[in-house]
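Have a look at the structure below, then the notes.
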Amino acid sequence: MENCIFCKIANGGIPSRTIYEDDDFRVIMDLAPATKGHSLLLPKEHYKNIYELSDGIAAKALPLAKKMAALISERLGADGFNIIQNNNEAAGQTVFHFHMHLIPRYNDDGQKLVMIPQEMTDAQMEEIRELIAMPDMEG
Ligand code: 5GP
Ligand code: ZN
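To convert, note that position 58 of the sequence shown is 58 in our numbering; the numbers rise steadily by one, no gaps.
What follows is the structure in structure tokens.
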């Protein structure tokens with residue numbers, strides 16, 4: 001992908017603050033960190049989002065995220081950890097090359113990654129469950 005900034009960064013075409021690299025991934029520090037140590041896990045191959053991500057890269061991404069979460073947390077003395085992954089503008093994605101945010105959290109970091117709970121009736125919940133349940137799931 002010629003005009004993709006994360007393709008260039010992941011493949012070394014643009015220098016970045018790298019904390020891990022292998023044949024498939026580069027993990028870099030986020031340019032505008034939400035907390036101390038906020039990093040981004042980037043596949044070297046271009047996938048726009050999770051809908052396009054290959055099963056092979058998907059299968060490798062979480063074990064790497066787990067390893068990086070442990071490393072970052074230990075080195076920086078984090079008290080917790082968020083992994084966030086945005087897909088499409090509606091979900092807050094701004095760079096359209098799949099990436100996972102690795103965000104160490106600290107008891108006093110003052111950061112708020114907000115989710116606002118919505119009211120939902122039992123009937124609405126059941127209607128939605130039927131729409132999104134995998135085939136063969138019992139009620
Ligand atoms: P998104 O909103 O797409 O999930 O996240 C994009 C993230 O990439 C943001 O947190 C932003 O700070 C980070 N970012 C955007 N451009 C660059 C860049 O050129 N270098 C680095 N290291 N991070 C970037
Ligand atoms: Zn790309």
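Beta carbons are placed, not taken as given, at the ideal position from N, Cα and C, and that holds for glycine.
Predicted model, so just to flag it, every value in this text is computed and none were measured.
Can the beta-carbon of residue i be found less than 9 angstroms from the beta-carbon of residue j?
i                : j              : result
isoleucine 103   : alanine 34     : yes
phenylalanine 25 : leucine 64     : yes
leucine 41       : methionine 115 : no
methionine 1     : valine 27      : no
asparagine 49    : asparagine 3   : no
glycine 13       : arginine 75    : no
Given this structure, state the Cα-to-Cα distance separating residue i from residue j, to the nearest angstrom.
i              : j             : result
aspartate 30   : aspartate 136 : 42 angstroms
aspartate 23   : alanine 58    : 14 angstroms
arginine 17    : isoleucine 5  : 14 angstroms
methionine 125 : alanine 90    : 22 angstroms
isoleucine 84  : glutamate 138 : 30 angstroms
glutamate 127  : alanine 70    : 39 angstroms
glutamate 130  : proline 15    : 47 angstroms
isoleucine 19  : aspartate 108 : 25 angstroms
For the ligand ZN, any of its heavy atoms closer than 8 angstroms to the Cβ of residue i?
i               : result
methionine 100  : no
glutamine 10    : Note on residue identity: the sequence assigns alanine, not glutamine, to residue 10. Answer for alanine 10: yes, Cβ within range of the ligand ZN.
phenylalanine 6 : yes
histidine 38    : no
Take residue i and list the residues in its own chain whose beta-carbon comes closer than 8 angstroms to its own, dropping the five residues that flank it on each side.
i            : result
tyrosine 47  : Leu53, Ser54, Ile57, His97 and Phe98
arginine 105 : Thr35, Ala78, Asp79, Gly80, Phe81, Asn82 and Gln111
I'd like to confirm something about residue i: is its beta-carbon nearer than 8 angstroms to some heavy atom of the ligand 5GP, or not?
i            : result
asparagine 3 : no
May I ask you to list the residues that DSSP assigns as paired with residue i?
i             : result
histidine 101 : Leu40 and Ile84
tyrosine 20   : Val27
Ordered along the chain, which non-local residues of its own chain (more than five positions away) have a Cβ less than 7 angstroms from that of residue i?
i             : result
asparagine 86 : Gly92 and Gln93
Beta-carbon within less than 6 angstroms of residue i's beta-carbon, same chain only, minus the 5 sequence neighbours each way: which residues are those?
i          : result
alanine 10 : Arg26, Leu42 and Lys44
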